[in-house]
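Novice:
2 protein chains.
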Amino acid sequence: MENFDFYAPTRMLFGKGKVTALPEQMKPYGTRVLLVYGGGSIKINGIYDTVQSVLTEAGFVLSELSGVTPNPRIDAVRCGVALAWENHVDMVLAVGGGSSVDCAKVIAAGACYEGDPWELVKDPSKITDALPVFTVLTMSATGSEMNPTAVITNPETKEKQGVHSGYLYPKASVLDPTYLYTLPAIQTAAGVADIMSHIFEGYFKKTEDAYVQDKFSEGILKTCIKWGPVALTEPENYSARANIMWAASMALNGLCGCGKAGKWSCHAMGHQLGAYYDITHGISLAIVTPAWMRYILSEETVDKFVDYAINVWGFPRETDKFALANMGIDATEHFFMDCGLPSHLSELGIDDSNFQAMAEAAVPYANLDTQAYVPLHVEDVVNIYRACL
Amino acid sequence: MENFDFYAPTRMLFGKGKVTALPEQMKPYGTRVLLVYGGGSIKINGIYDTVQSVLTEAGFVLSELSGVTPNPRIDAVRCGVALAWENHVDMVLAVGGGSSVDCAKVIAAGACYEGDPWELVKDPSKITDALPVFTVLTMSATGSEMNPTAVITNPETKEKQGVHSGYLYPKASVLDPTYLYTLPAIQTAAGVADIMSHIFEGYFKKTEDAYVQDKFSEGILKTCIKWGPVALTEPENYSARANIMWAASMALNGLCGCGKAGKWSCHAMGHQLGAYYDITHGISLAIVTPAWMRYILSEETVDKFVDYAINVWGFPRETDKFALANMGIDATEHFFMDCGLPSHLSELGIDDSNFQAMAEAAVPYANLDTQAYVPLHVEDVVNIYRACL
């Protein structure tokens with residue numbers, strides 16, 4: 001096991017009605033709150049009204065940034081920072097999914113920085129303070145509610161960039177599984193794919209003796225496989241929503257990836273699809289992952305894929321380990337398809353015209369040629385994109 | 001899944017040589033440190049010298065409380081509080097196992113309280129502040145390094161009492177697996193039994209849909225079963241020590257027990273053995289657990305024991321579920337015996353003379369008659385103790 005620091009100080013307020021516990025967590029930090037959210041769904045499903053009434057009754061004064069998009073853009077961050085300054089807010093509260101949370105985090109840092117917030121994304125060491133961030137989740141996937149990471153897109157430069165800073169941990173996050181009941185099926189499915197991808201990125205790594213982490217990883221994958229389809233067929237199944245919601249936070253709070261060396265592969269490739277085509281993050285991962293798995297399967301990696309096939313999918317141990325590995329990969333692909341996710345880029349109208357440029361951006365983004373589980377050079381990434389067509 | 005709060009803000013500094021990262025974490029809190037440790041083992045194995053040189057070179061001034069015993073006593077806490085006041089310490093650093101950590105926590109709270117620290121143990125709501133606590137682990141078992149709990153014994157009143165307070169979370173804990181290399185085999189084994197018991201207490205509960213937590217629990221149990229024997233036969237096997245060490249912290253930081261209703265059974269019974277006979281905590285649990293499992297096995301609980309037998313021990317699914325359940329229980333008992341742990345109280349010279357008094361104390365300690373997985377009355381607890389003879 002590699003040396004690591006594990007630090008996940010966010011207070012997780014989990015369960016039905018837990019939003020009422022939020023004011024107590026926020027009170028130490030002041031009264032003026034910038035509410036950050038996306039489209040109008042929280043106004044339709046009543047979550048906006050609930051949050052607003054809970055907070056105003058507790059004496060908080062709210063200002064608002066609405067309209068945060070998926071793949072949140074630096075423009076939205078800039079607007080949020082301006083609003084934070086204008087209203088002298090004490091803290092930022094995201095109500096939404098990973099996009100709103102990520103946007104809120106960089107607004108919180110940007111409000112404590114004199115320059116343009118894109119500078120913070122490009123160089124997180126410039127983050128030396130941030131307003132306290134709180135979140136109320138309405139979609140489960142990115143794990144952003146319990147980690148110090150945000151991903152922001154700059155459409156002008158076609159960059160989709162992750163930013164990490166110890167100042168970006170939310171102070172507290174409300175996870176109410178009933179808030180997921182009205183989530184469209186495609187978003188539920190994309191969220192499950194995103195959670196599973198977060199696990200794959202850590203599970204398939206060179207470090208072989210991080211056993212606790214691998215067992216946790218297998219547990220989260222099994223959770224997605226068991227409860228994801230239930231959430232899709234019974235959107236108001238509390239157990240299904242609760243397990244997927246908690247799995248999402250656990251998948252990316254450091255728990256499953258700690259103590260393992262190397263960088264992520266599929267997210268680097270998926271992020272380029274997001275930057276070029278603005279497709280849903282989880283969908284890009286559902287398409288790229290099986291192709292990546294098949295591409296890297298070799299004598300060196302086959303044993304890990306055998307573990308995956310047996311421990312996650314429950315296939316019986318076979319004599320031919322490559323057959324077993326491929327059964328696990330096929331099961332992954334079919335699972336995503338059964339969840340209603342596209343399995344080919346052509347289904348989204350994407351052709352190969354940008355593969356070279358995307359690959360050239362993906363490789364240095366995560367040092368795929370030196371630090372990936374299986375090193376990937378530009379031509380490898382182009383080949384994987386081609387396999388996704 | 002039940003509603004819950006999850007909060008585990010301790011920074012975990014994990015790996016070989018990580019003690020050098022400790023000064024940076026301690027610096028914000030001052031310079032005067034009360035070092036709390038047990039017997040002389042840390043002086044023999046060099047950990048004492050390492051910690052002292054790392055801290056003094058970083059400018060810290062140390063005072064010391066040594067001689068903390070297993071089942072740490074309120075007297076040691078009182079001594080520590082007096083030393084903390086006398087030396088105007090800014091923080092408390094435990095170097096040892098759960099006993100030193102637990103003692104350090106209550107010293108940290110007692111140093112901020114005017115009355116006798118036993119009052120804080122009896123009524124944790126009286127804890128309204130505490131000095132910052134840090135830990136350097138030299139034994140893995142209790143998980144105290146990552147939670148807000150301490151267990152303190154009062155020999156005068158024959159009470160062994162748990163105390164929980166949000167003020168007791170360590171700020172940072174150093175987990176260096178090489179510090180476990182010189183641990184005696186019996187302590188390694190007792191530690192593994194303690195870790196497994198922490199999981200059992202949460203795994204066998206009435207809430208049935210806390211799937212993520214159950215998969216994490218099964219993963220930690222498998223970790224103990226795979227790596228515990230390796231640590232015993234190869235005390236300097238880094239992978240084994242690292243996985244057991246990390247499993248211990250994960251077993252009792254709230255991760256595996258959250259979202260599940262009900263109180264613990266075996267610890268309530270084991271604590272009485274500690275209070276009456278001062279036997280090692282993990283040993284008491286290794287003896288009590290299989291007897292408890294057999295006692296509560298019934299038509300209502302058998303399905304959970306079947307899950308346990310299949311998912312943890314890997315037994316094939318059989319037609320007779322009671323046979324399968326008993327295979328899991330037998331495997332548990334044999335595992336503890338194979339680790340070199342006693343399996344009967346009589347091996348420790350304990351007879352039935354105090355069973356009634358111990359049972360009368362155990363039941364109200366954890367409301368076993370109303371809030372246990374299977375309700376246990378005084379006569380049930382006496383029966384379980386008898387089955388341990």
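Going down the list, the sequences are from chains A and B. Position 77 (the first sequence) corresponds to 77 in UniProt numbering; numbering is contiguous. Position 354 (the second sequence) corresponds to 354 in UniProt numbering; numbering is contiguous. Think of the CB as a built atom: it goes at the ideal place given N, C-alpha and C, for glycine as much as any other residue.
(1) Buried or exposed: Arg317/A, going by 16 or more other Cβ atoms within 10 Å of its Cβ?
(2) Examine chain B for any beta-carbon lying closer than 8 Å to the beta-carbon of Phe216/A, and answer yes or no.
(3) Using beta-carbon positions only, say whether Trp246/A and Ser265/A come within less than 8 Å of one another.
(4) Since Leu65/A and Gly80/A should fall inside the 8 Å C-beta cutoff, what is the C-beta to C-beta distance between them, to a whole number of angstroms?
(5) Could you tell me which of Gly259/A, Val288/A and Gly257/A sits nearest to His271/A, measuring between CA atoms?
(6) With 9 Å as the C-beta to C-beta threshold (strictly closer), list the residues of the segment 249-274 of chain B near chain A in chain order.
(7) Compute the Euclidean distance between the alpha carbons of Gly46/A and Ile225/A, then round it to the nearest angstrom.
(8) Between Lys321/B and chain A, is any beta-carbon pair separated by less than 8 Å?
(9) For Phe4/B, which three-state DSSP category applies?
(10) Give a yes or no on whether the minimum CB-CB distance between Phe200/B and chain A is below 8 Å.
(11) Please confirm if the segment 298-318 of chain A is in contact with the segment 253-262 of chain A, defined as three or more CB-CB distances below 8 Å between the two stretches.
(12) Does the segment 163-174 of chain B come within contact of the segment 67-78 of chain B, defined as at least 3 CB pairs closer than 8 Å?
(13) Please compile the residues from chain B whose C-beta is within a distance smaller than 7 Å of the C-beta of Trp246/A.
(14) Under 8 Å between C-beta atoms, does Lys304/B make it to chain A?
(15) Near Lys304/A, which residues of its chain fall below 7 Å by C-beta distance, leaving aside the five closest residues on each side in sequence?
(16) Quick one: list the residues of chain B neighbouring Trp227/A, beta-carbon separation under 7 Å, in chain order.
(17) Rounded to a whole number of angstroms, what is the C-alpha to C-alpha distance between His88/B and Arg32/B?
(18) For a contact defined as C-beta to C-beta under 8 Å, what are the partners of Ser239/B on chain A?
(19) Going by the beta-carbon positions, is the gap between Met1/B and Ala150/B smaller than 8 Å?
(20) Distance, Cα to Cα, Tyr179/A vs Lys43/A?
(21) Under 8 Å, with one C-beta from each stretch per pair, do the segment 188-199 of chain B and the segment 229-248 of chain B reach the 3-pair mark?
(22) Do Val374/A and Gln356/A have their CB atoms nearer than 8 Å?
(23) Return the first residue and the last residue of the alpha helix (DSSP H) that Asn243/B is part of.
(24) Taking 8 Å as the threshold (beta carbon to beta carbon), is Arg317/A in contact with chain B?
(25) Grouping DSSP H, G and I as helix and E and B as strand, with all else coil, what is Leu221/A?
(26) Closer than 8 Å, CB to CB, is Lys16/B near chain A or not?
(27) Output yes or no for whether 8 Å exceeds the beta carbon distance between Ala82/A and Leu131/A.
(28) Any heavy atom of the ligand MN inside 7 Å of the beta-carbon of Tyr276/A?
(29) Using a beta-carbon distance below 8 Å, is Thr157/B in contact with chain A?
(30) Please give me, in chain order, every unbroken run of the alpha helix (DSSP H) with length at least 4 that falls completely inside the segment 61-131 of chain A.
(31) If distances are taken between C-alpha atoms only, which option among Leu221/B, Gly143/B, Leu35/B and Asp278/B comes closest to Ile199/B?
(32) Per DSSP, Ser144/A forms a beta bridge with which residues?
(33) Would you please verify whether the beta carbon of Leu324/A is less than 8 Å from any beta carbon of chain B?
(34) Leaving out the 5 sequence neighbours to the left and right, which residues in its chain are closer than 6 Å to Ala108/A when beta-carbon positions are compared?
(35) According to DSSP, is Tyr317/B part of a helix, a strand, or is it coil?
(36) Who are the neighbours of Ala8/B on chain A, taking C-beta pairs under 7 Å?
Specialist: In short, the structure shows the following:
(1) So Arg317/A ends up on the exposed side.
(2) So, interface residue.
(3) Contact flag unset, no.
(4) Cβ-Cβ separation between Leu65/A and Gly80/A: approximately 5 Å, consistent with a contact (criterion under 8 Å).
(5) Minimum Cα distance to His271/A is reached at Val288/A.
(6) Cβ contacts with chain A: Ser249, Met250, Leu255, Cys258 and Gly259.
(7) The C-alpha of Gly46/A lies about 30 Å from the C-alpha of Ile225/A.
(8) No, its Cβ sits nowhere closer than 8 Å to a Cβ of chain A.
(9) Strand, per DSSP.
(10) Taking Cβ atoms only, chain A never reaches closer than 8 Å to Phe200/B, which makes this a no.
(11) Below 8 Å, too few C-beta pairs join the segment 298-318 of chain A and the segment 253-262 of chain A to call them touching: fewer than three.
(12) Contact fails: fewer than three Cβ-Cβ distances are below 8 Å.
(13) At a beta-carbon threshold of 7 Å, the residues of chain B lying near Trp246/A are Val212, ordered along the chain.
(14) Judged by the 8 Å Cβ criterion, Lys304/B is not in contact with chain A.
(15) Contacts found: Phe204.
(16) Near Trp227/A (Cβ distances below 7 Å), the residues of chain B are Tyr211.
(17) Whole-angstrom Cα-Cα distance: 7 Å.
(18) Residues of chain A passing the Cβ test: Met1, Asp209 and Tyr211.
(19) Cβ atoms of Met1/B and Ala150/B: not closer than 8 Å.
(20) Using only the alpha carbons, I get a separation of about 12 Å.
(21) Verdict: yes, contact present.
(22) The criterion of a C-beta distance shorter than 8 Å is not satisfied by Val374/A and Gln356/A.
(23) Residues Tyr238 to Ala251.
(24) Among the residues facing chain B, Arg317/A is not included, as its CB has no counterpart in that chain under 8 Å away.
(25) Assignment of Leu221/A by DSSP, reduced to helix, strand and coil, places it in the helix class.
(26) Using a Cβ-Cβ cut-off of 8 Å, Lys16/B counts as an interface residue toward chain A, since at least one Cβ of chain A sits closer than that to its own.
(27) Cβ distance not < 8 Å, so Ala82/A and Leu131/A don't count as in contact.
(28) The ligand MN is not part of this structure, which contains no ligands at all.
(29) Cβ-Cβ to chain A under 8 Å: no for Thr157/B.
(30) As summarised for the segment 61-131 of chain A, the continuous alpha helix (DSSP H) elements at least 4 residues long and confined to that stretch are 74-86, 98-110 and 117-122, given in chain order.
(31) Nearest C-alpha to Ile199/B: Leu221/B.
(32) Answer is none; Ser144/A lacks a bridge partner.
(33) With respect to chain B, the C-beta atom of Leu324/A has no partner C-beta closer than 8 Å.
(34) Within the same chain, Ala108/A has close Cβ partners Val92, Ala130, Leu131 and Val133.
(35) First, the amino acid is wrong: residue 317/B is Arg here, not Tyr. Coil, per DSSP.
(36) In chain order: Ala8.
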